[in-house]
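For what it's worth, our numbering labels the leading residue of the sequence shown as 1, then goes sequentially. What follows is one structure encoded as structure tokens, with my remarks underneath.
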Amino acid sequence: MTAGIYSVRQKLNTLVITKEFGGQMAHKAVDIENYPGFEKISGFELISKFEDQMKKKGVKVLDDQVLELKKEGDIFLSLTERGKKIESRAVIIATGSEPRKLNVPGESQFLGKGVSYCTTCDGPLFNQKDVAVIGGGDAGFEAALFLNGYAKKIYILEYGEEIKAGRDNQEKASTISKIQIITSAELKEIKGNDFVNQIVFKDRKTGEEKTLDVEGVFVQVGYQPATSFLKNLVELNEKKEIIVNFETFETKTPGLFAPGDVNSGKVKQIIVACGQGAQALMHAYKYLNK
Ligand SMILES: Cc1cc2nc3c(=O)[nH]c(=O)nc-3n(C[C@H](O)[C@H](O)[C@H](O)COP(=O)(O)OP(=O)(O)OC[C@H]3O[C@@H](n4cnc5c(N)ncnc54)[C@H](O)[C@@H]3O)c2cc1C
1 MTAGIYSVRQ KLNTLVITKE FGGQMAHKAV DIENYPGFEK ISGFELISKF EDQMKKKGVK
61 VLDDQVLELK KEGDIFLSLT ERGKKIESRA VIIATGSEPR KLNVPGESQF LGKGVSYCTT
121 CDGPLFNQKD VAVIGGGDAG FEAALFLNGY AKKIYILEYG EEIKAGRDNQ EKASTISKIQ
181 IITSAELKEI KGNDFVNQIV FKDRKTGEEK TLDVEGVFVQ VGYQPATSFL KNLVELNEKK
241 EIIVNFETFE TKTPGLFAPG DVNSGKVKQI IVACGQGAQA LMHAYKYLNK
């Protein structure tokens with residue numbers, strides 16, 4: 001969205017193609033407290049402000065997903081899920097990351113029927129219900145803290161022997177009696193009829209299989225870069241992040257830029273993604289002028 005705003009200000013003919021607004025910010029369960037200008041703001045509110053500003057500046061938006069990107073001569077072709085073929089002279093890839101899946105039986109079957117990757121989107125649907133959060137990192141703890149406003153009982157299942165979340169989140173969770181943390185827990189299966197009603201996990205210390213009766217399962221086991229549609233136009237590292245020139249954010253393909261979480265940069269934050277989006281666009285502008 002930042003690249004979009006900068007682009008129309010350079011009077012470039014600009015189209016933002018996105019399958020939804022907000023990306024990871026939409027998944028953030030607690031308020032954002034490190035984006036300058038806003039002491040405390042929800043992810044949803046911040047996204048809405050970005051979106052409003054971008055649309056008021058005149059950025060055109062196509063609500064679609066790019067399934068393949070090709071380059072023919074000097075022209076890029078973005079092929080979308082809805083069958084569109086968009087031609088452009090430069091492309092900014094800002095596809096960030098998407099939630100990592102567990103790949104256990106029942107996960108895809110019960111998606112939207114108890115299984116969720118977005119606590120802020122779906123948490124309120126689990127009012128007075130028992131739920132499990134899979135993943136004991138900061139995202140898992142933040143999800144549990146958000147669910148505290150709705151759910152009756154919240155289990156946090158962590159695969160490792162120790163919790164990975166920061167001290168701050170651990171301290172907050174320790175004051176809430178309905179949050180129960182289970183370590184060395186490997187999720188094996190999500191069960192149900194029409195909706196989820198149980199999870200099965202292995203206690204990795206004893207090898208014993210155990211069950212919990214829950215109606216919601218919030219998967220919070222990290223994110224992976226959304227780069228699978230790019231084929232050989234970019235070079236990827238072992239984490240499947242795009243390797244860019246960190247001065248220009250250009251990839252190995254001239255005219256193709258990759259700012260934000262999708263590249264191999266070490267600091268994954270909103271302000272960083274925005275800053276890189278602005279820089280990438282200004283370098284794309286230079287590329288187009290050449
Ligand atoms: C739980 C959690 C909490 C966080 N808390 C904070 C915080 O407090 N402060 C902070 O600064 N950062 C925080 N972050 C990190 C921050 O959210 C990211 O750094 C930031 O969202 C990166 O922005 P991005 O635009 O690069 O990518 P993303 O936010 O991942 O956005 C990518 C967008 O591209 C779209 N997309 C992907 N593939 C395609 C495709 N093929 N076609 C069309 N569209 C596509 C997606 O739908 C999405 O809208 C948090 C992240 C998480 C997960």
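No residue lacks a Cβ here, since even glycine has one placed at the ideal position from N, Cα and C.
- Counting C-beta pairs with one atom in each stretch, the region 215-225 and the region 129-145 have three or more that are closer than 8 Å, which means they touch.
- When rounded, the separation of the alpha-carbon atoms in Phe-195 and Glu-215 is 7 Å.
- At least one heavy atom of ligand 1 lies closer than 6 Å to the C-beta of Ser-97.
- In the structure shown, Ile-271 falls within a helical segment according to DSSP collapsed to helix, strand and coil.
- Ranking Asp-31, Ile-163 and Met-282 by CA distance to the CA of Leu-46 puts Asp-31 first.
- Beta-bridge partners of Glu-250 (DSSP): Phe-257.
- Comparing C-alpha distances from Ile-182 to each of Ile-163, Leu-145, Val-16 and Val-104 shows the shortest one belongs to Ile-163.
- Counting along the chain, Val-66 sits inside the beta strand (DSSP E) bounded by residues 66-72.
- Listed in chain order, the non-local C-beta contacts of Lys-40 below 7 Å within the same chain comprise Asp-31 and Glu-33, local neighbours out to five positions each way being set aside.
- A straight line joining the alpha-carbon of Lys-205 with that of Asn-197 spans about 25 Å.
- Fewer than three pairs of CB atoms, one per stretch, sit closer than 8 Å, so the region 271-289 makes no contact with the region 110-125.
- Taken from the Cβ of Asn-148, every heavy atom of ligand 1 lies 6 Å or farther away.
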